[in-house]
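Residue numbers (the working numbering), protein chains in the order written: chain A, 606 to 862; chain B, 9 to 264. C-beta atoms are modelled at their ideal positions from N, C-alpha and C, and glycine is treated no differently. None of these values were measured; they are calculated from a predicted model. A short worksheet on the structure shown next.
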Amino acid sequence: MTEFKMPEIELKNVGLVYEGKEPVEALRDISLKIGAGESYSFIGPSGCGKSSLLFLISGLIRPTRGKVLIKGKPIKKPREDCALILQDYGLLPWKNVWQNTVLGLQIRKVSPAAQKKIAFPILEELGLDNFLNLYPNQLSGGQRQRVAIARALALKPDIFLLDEPLSALDALTRENLQELILKIWLERKITFLLVTHNIEEAVFLGQKIVVFTPGPGRILSVLPNPEAGEPGYRYSTKFHRLSNKIRNILEDSYLVP
Amino acid sequence: MFLKKWTGNLPTTKIGEYIFAFLFIVLLWQLLSWALDISALPGPFIALKVFLQDFYPFIAPHFLMSIYRVILSLVIALLMAVPLGLFLGGEKKWDRLFSPVIYLIYPVPKVAFLPVIFVLAGIGNLSKILLITIIIFFHILVTTRDAARGISPRSIYSVLSLGANRRDVYYHVIFPYCLPKILTATRISLGTAIAVLFLSETVAGSTGLGYFILDSWYRAEYAQMFAGIISMGLMGLLLYKGMDLLEKRWCHWQHY
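What follows is the structure in structure tokens.
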């Protein structure tokens with residue numbers, strides 16, 4: 606007998622159309638099963654609906670067709686155990702590092718004492734404990750994204766949704782944060798979904814890499830990448846071979862409409 | 009080097025700038041007064057002397073009455089316009105319903121309603137406060153609504169994903185985002201408010217700086233009239249400085 610394991614996230618023939626004067630079809634016929642603790646990278650040309658997919662899974666928007674199930678249940682509103690990190694706008698400029706970090710806890714009416722107990726160790730872990738009173742525009746891009754990560758971690762999520770979290774950063778800061786994200790995934794066994802347009806990042810962080818077609822987004826292929834997360838993977842030949850393969854797939858998808 | 013040292017020392021420089029501006033105005037005034045040589049424009053020193061002599065007990069009650077009217081009108085207008093503006097900016101359906109009404113009323117100069125307001129609310133405090141409130145209300149309403157409309161949906165998404173409800177979104181995102189713009193709108197409205205205050209105080213009643221200035225004019229007490237004008241300037245300065253202070257206190261995150 607094979608053991609039946611319910612997928613953490615299940616997408617069944619999901620389609621999404623943004624209503625308006627000229628409706629825009631963002632996603633078409635997406636079906637995917639993601640197990641608990643797995644990490645997925647989503648890659649594709651801009652405007653292929655990758656971000657919309659994260660919004661769907663986080664419950665911020667609802668699919669036009671099909672179903673989005675989390676732990677077997679359809680989502681009706683933003684879920685408590687789901688954290689979303691956006692490329693920008695994530696932090697509120699009028700709140701300092703501490704206030705931004707505990708915002709989610711505050712919204713969930715966690716007492717200030719408990720907020721301290723939860724948030725401070727996380728800020729220490731991310732090297733932010735000396736910046737508590739600074740405001741986002743006093744921080745570097747990398748520090749800002751760390752605060753966003755801290756805020757998400759404070760809520761102890763089961764699912765981490767990252768929408769191009771590192772695309773505004775310089776190369777070194779970027780690799781630094783990739784290592785951090787990897788460490789968080791390895792240590793906490795959270796389900797990770799990462800949207801990126803950077804091929805190396807997708808390969809470095811995703812156990813499975815989902816390649817999208819240009820809009821309306823459809824799944825072009827799902828590539829297994831079991832070595833993701835192993836030490837030194839970034840410098841291995843496998844890493845580069847897979848990166849090149851994805852580059853070819855993406856280039857072909859531009860040529861064939 | 010020296011200049012950097014000098015400008016780096018902000019508080020003294022600020023006061024220095026004000027003293028410089030004051031002397032500059034006094035000089036211009038004096039020159040103009042000499043050139044025109046008419047009794048309606050006395051020199052600055054006579055006016056200042058009368059201002060210092062008469063401020064207490066003659067001008068002070070009018071001064072307080074005027075500043076009271078402006079501040080009360082501002083507070084009432086803000087209390088009504090800000091929540092409504094935030095609401096309309098945040099809820100598209102309601103905005104669509106209300107914006108034609110706002111756009112029809114907004115461009116009408118509300119001062120035109122002055123006679124109606126005097127008939128309805130009498131010539132006392134109520135009518136003056138009502139008029140100023142109505143005028144400022146629309147300024148702040150339109151600014152607040154436009155500011156609230158301009159928020160990127162993604163910044164709201166990120167807070168919603170933390171589990172925020174509608175009230176949290178208003179409290180943590182929409183209101184703080186709009187606050188600097190609301191304060192700017194209030195500062196701009198202040199000029200209009202003082203102008204309308206003056207007008208309403210000269211049309212009817214026997215209190216306020218507007219009345220004091222006009223009364224001095226009728227009695228051909230020109231030095232006293234200018235003492236009233238100086239008081240009006242002082243009131244404006246105090247109100248603007250007060251707004252600056254509030255802005256620094258509430259929106260300090262903008263200044264980093």
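Item                                                                                                                                                                    : Value
At 7 Å on the CB atoms, spell out the chain A contacts of B:L254, in chain order.                                                                                       : Here the premise fails: no neighbours, minimum Cβ distance about 15 Å.
Flag B:V167 as yes if its beta-carbon sits less than 9 Å from any beta-carbon of chain A, otherwise no.                                                                 : yes
With a threshold of 9 Å between beta-carbons, can A:Y859 be considered close to chain B, or not?                                                                        : no
For B:I237, name the three-state secondary structure that DSSP assigns.                                                                                                 : helix
Of all the residues that make up the region 707-719 of chain A, which are near chain B by a beta-carbon distance shorter than 7 Å?                                      : L708, G709, I712, R713
So which residues of chain B does A:Q748 contact, with C-beta pairs closer than 8 Å?                                                                                    : The premise fails here: A:Q748 is roughly 14 Å from chain B at the closest Cβ pair, so nothing lies under 8 Å.
Reducing DSSP to helix, strand and coil, say where A:G640 ends up.                                                                                                      : coil
Contact criterion: CB-CB distance below 9 Å. Does A:Y740 meet it with respect to chain B?                                                                               : yes
Report the start-end ranges of each alpha helix (DSSP H) in the region 644-707 of chain A that is 4 residues or longer and not cut off at the edges.                    : 655-663, 702-706
Between A:K672 and A:L799, what straight-line distance do the alpha-carbon atoms span, to the nearest angstrom?                                                         : 20 Å
Less than 7 Å between C-beta atoms, sequence neighbours within five positions excluded: which residues of the same chain meet that for B:V150?                          : I110, Y114
Which class does A:L632 belong to by DSSP, given the choice of helix, strand or coil?                                                                                   : strand
Below 9 Å between beta carbons: does that hold for A:L708 and B:H180?                                                                                                   : yes
How many angstroms separate the CA atom of B:I148 from the CA atom of B:S197?                                                                                           : 8 Å
Could you compute how far the alpha carbon of B:L187 sits from the alpha carbon of B:I159?                                                                              : 12 Å
Please name the residue or residues paired with A:S826 in a DSSP beta bridge.                                                                                           : A:V816
Which residues of the region 141-162 of chain B have a Cβ closer than 7 Å to any Cβ of chain A? Give them in chain order.                                               : S160, R162
CB-CB under 8 Å to A:F817, same chain, minus the five flanking residues each way: which ones, in chain order?                                                           : F647, I648, G649, P650, C653, G654, K655, R823, I824, L825
Answer yes or no: does any C-beta atom of chain B fall closer than 9 Å to that of A:L766?                                                                               : yes
I need the straight-line Cα distance from A:Q720 to A:L710, nearest angstrom please.                                                                                    : 6 Å
Going by other Cβ atoms of all chains shown within 10 Å of its Cβ, with 16 needed for buried, is B:H260 buried or exposed?                                              : exposed
Of all the CB atoms in chain B, is at least one closer than 9 Å to the CB of A:K681?                                                                                    : no
For B:H70, count neighbouring C-beta atoms within 10 Å of its own C-beta (all shown protein chains included) and say buried if the count is 16 or more, exposed if not. : buried
Could you tell me which residues DSSP puts in a beta bridge with A:I614?                                                                                                : A:I639, A:I675
When the distance is taken between beta carbons, is A:G811 closer than 9 Å to A:A776?                                                                                   : no
Under 7 Å Cβ-Cβ, which residues of chain A neighbour B:Y264?                                                                                                            : Y740, N742, Q743
Return the chain-ordered list of same chain residues with a C-beta closer than 7 Å to the C-beta of B:G225, the five sequence neighbours on each side being excluded.   : Here residue 225 of chain B is Trp; the residue named in the question, Gly, does not match the sequence. Contacts found: M233.
Taking A:I764 as part of the beta strand (DSSP E), name the residues at either end of that continuous run.                                                              : 764-768
Taking C-alpha atoms, which residue in B:E99, B:P108, B:G199, B:A155 lies nearest to B:I144?                                                                            : B:G199
Can you tell me the Cα-Cα spacing of A:R633 and B:F121, whole angstroms?                                                                                                : 58 Å
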